[in-house]
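Asks: Quick one: this structure, given as structure tokens, is what I'll be asking you about.
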Amino acid sequence: MDLPIEWVYAVYGALGLALGLALERGRVCFVSAFRDAIYFRNPWLLNAVLISIGASAVAAALVSLTTGTEPLLLGTSWYVFAGGLMFGFGVALAGACASGMVFRIPEGYLANALELGGFSAGILLWAGYLEVPLSSAYSAPASIPHLLGLPFYVYALLTGTAFAALGVYLGRYVPTKGGPPSTSWTLDPRRAWDPRLAGLIIAGVQVAIFAVNPNGLIGFTAPFATFGAWVLEGVSVNMSSVPWVGGSYLGIYPLLVLAVMAFVGAGLGAHFGRDFRVRVPRKRRRMLQVLFGGLLAGLGAGIGLGCNIGNFYAGFGLRMDLASLLFAPGLISGIYLGIRVGSKL
Amino acid sequence: MQEKDLESARPDETLDVQGEICPYPQIYARKKLESMASGRILEVLTDHPPAGEETIPGYCQEMKYPFVARKEGPVYRIKILKVGP
Numbered sequence: 001m002d003l004p005i006e007w008v009y010a011v012y013g014a015l016g017l018a019l020g021l022a023l024e025r026g027r028v029c030f031v032s033a034f035r036d037a038i039y040f041r042n043p044w045l046l047n048a049v050l051i052s053i054g055a056s057a058v059a060a061a062l063v064s065l066t067t068g069t070e071p072l073l074l075g076t077s078w079y080v081f082a083g084g085l086m087f088g089f090g091v092a093l094a095g096a097c098a099s100g101m102v103f104r105i106p107e108g109y110l111a112n113a114l115e116l117g118g119f120s121a122g123i124l125l126w127a128g129y130l131e132v133p134l135s136s137a138y139s140a141p142a143s144i145p146h147l148l149g150l151p152f153y154v155y156a157l158l159t160g161t162a163f164a165a166l167g168v169y170l171g172r173y174v175p176t177k178g179g180p181p182s183t184s185w186t187l188d189p190r191r192a193w194d195p196r197l198a199g200l201i202i203a204g205v206q207v208a209i210f211a212v213n214p215n216g217l218i219g220f221t222a223p224f225a226t227f228g229a230w231v232l233e234g235v236s237v238n239m240s241s242v243p244w245v246g247g248s249y250l251g252i253y254p255l256l257v258l259a260v261m262a263f264v265g266a267g268l269g270a271h272f273g274r275d276f277r278v279r280v281p282r283k284r285r286r287m288l289q290v291l292f293g294g295l296l297a298g299l300g301a302g303i304g305l306g307c308n309i310g311n312f313y314a315g316f317g318l319r320m321d322l323a324s325l326l327f328a329p330g331l332i333s334g335i336y337l338g339i340r341v342g343s344k345l
Numbered sequence: 001m002q003e004k005d006l007e008s009a010r011p012d013e014t015l016d017v018q019g020e021i022c023p024y025p026q027i028y029a030r031k032k033l034e035s036m037a038s039g040r041i042l043e044v045l046t047d048h049p050p051a052g053e054e055t056i057p058g059y060c061q062e063m064k065y066p067f068v069a070r071k072e073g074p075v076y077r078i079k080i081l082k083v084g085p
């Protein structure tokens, strides 16, 4: 679908607003989803994330079937596993993944704002010093359905159904009695939304982006790099010669519009839900911990070619490429290790 | 003691974890409860929504600890009765 760029920005802006609102009202943080399932044996969020991935894959299959388009794939290397491990460890230490930062910062979490600073520094360090040396290590993009000899839409329908079924099954283990206020299946912004409803909206945003632009997906790594690059340019550091960033990510681009509007949407959610409050951890060492965690997460997102959204959520819910299969075990192992270390701090 | 009686009961100990990030409100609440004797009441104050809405209530339900929770502005006040070992 070829739209004028102004229309693309308008569509991405509206989708970003919906994305931020859904993330904040549904409390959808991927590191929380895995951590709470593993550490607290409570899959209240993991079941929603799995349902969301499943819904995205099924809807992407239908879009592909009707339009004949297939999503953009990533290259593959064991570095993707290493990047996932580093990213997972970092976000578990810092307390929020990329999507978590998008809604926790507008809720007033100063620690997660610091984490974003660390993340931006990490991704810029990768861009400046590692992107070129490592680039030859990644193979050409590899699609799992094509490796298996299946049409994209058949594979997406099968895996999407499996993810959604697993999510529904895990729902049996979600505690039935929560705290106040109880979550709601309505879109009332004054109430917390059921995470499964928020997950379905996020899936809708992802597939709408795919329908508008087959090369598009939700991702926060590039926008977070842009934020950092703008800050450095503000203090007279020339970023235009830095590989990757200087080439594409110093100006305005659709994914940046999506990310900025996601922050706005999350801010609106926090406002209507009366959840905004400046939150500062009493233990000052926590600030150092989140800064370091953010830095590791940023480096990991560069080496792993994406964050939890771009390379895990979109990997399984849209792209179906080999990179996501390598990133996922790294991410989950990293989160597990990060929890073990972080719980002692 | 029933959950309705917890509303008016005076807590024996208070754990204030306002300002903390994930997952520390849950971790600190769990450690505190583990160190308390059966029959004691803990009040947890947190401003972290997933802790107030999901993980601390979920932990109480798993451990069969009676609890009452209410939200006052952005702060969750959760009173928990430690039972069992």
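Chains A and W supply the protein sequences, listed in that same order.
Using the numbering used here, the first residue of the first sequence is number 1, and each one after it goes up by one.
Using the numbering used here, the first residue of the second sequence is number 1, and each one after it goes up by one.
All C-beta atoms in this analysis are idealised placements derived from N, C-alpha and C, irrespective of residue type, glycine included.
1. Between aspartate 47 of chain W and chain A, is there a C-beta pair that is closer than 8 Å?
2. Could you give the C-beta distance for leucine 116 of chain A and leucine 305 of chain A, rounded to a whole number, given that I count them as a contact under 8 Å?
3. Using the Cα positions of lysine 344 of chain A and valine 83 of chain W, report the straight-line distance between them to the nearest angstrom.
4. Starting from the Cα of glycine 300 of chain A, find the closest Cα among A/Val63, A/Arg172 and A/Ser120 and give me that residue.
5. What are the partner residues of glutamate 13 of chain W, as DSSP defines its beta bridges?
6. Check the Cβ of serine 50 of chain W against every Cβ in chain A and list those closer than 9 Å, keeping chain order.
7. Which runs of the alpha helix (DSSP H) at least 4 residues long sit entirely within the region 117 to 154 of chain A? Give them in chain order.
8. For glycine 310 of chain A and leucine 147 of chain A, what's the separation of their Cα atoms in angstroms?
9. Is the CB-CB distance between proline 11 of chain W and leucine 33 of chain W below 8 Å?
10. Relative to the C-alpha of valine 154 of chain A, which residue among A/Met320, A/Phe327, A/Ala164 and A/Thr176 is closest?
11. Report the residue from A/Leu3, A/Leu110 and A/Leu337 whose alpha carbon sits nearest the alpha carbon of leucine 291 of chain A.
12. Please report the straight-line C-alpha distance between proline 66 of chain W and alanine 29 of chain W, rounded to a whole angstrom.
13. So if I threshold CB-CB distances at 9 Å, which residues from the region 66 to 81 of chain W count as touching chain A?
14. Can you give me, in chain order, the residues of the region 95 to 112 of chain A that have a beta carbon less than 9 Å from any beta carbon in chain W?
15. Quick one: Cα of proline 71 of chain A to Cα of threonine 183 of chain A, how far?
16. If we cut at 8 Å on Cβ distances, does glycine 19 of chain W have a partner in chain A?
17. Distance cutoff 8 Å, beta carbons only. Does tyrosine 39 of chain A sit that close to anything in chain W?
Replies: The answer reads as follows:
1. yes
2. About 20 Å separates the two Cβ atoms, so there is no contact after all.
3. 26 Å
4. A/Ser120
5. W/Leu42
6. Looking at the sequence provided, one finds proline at residue 50 of chain W rather than serine. Residues of chain A passing the Cβ test: Arg27, Cys29, Ser32, Asp36, Trp44 and Leu45.
7. 131 to 135 and 144 to 148
8. 21 Å
9. no
10. A/Met320
11. A/Leu110
12. 14 Å
13. Phe67, Ala69, Arg70, Lys71, Gly73, Pro74, Val75, Tyr76 and Ile78
14. Gly95, Ala96, Gly100, Arg104, Glu107, Gly108, Tyr109, Leu110, Ala111 and Asn112
15. 34 Å
16. yes
17. yes
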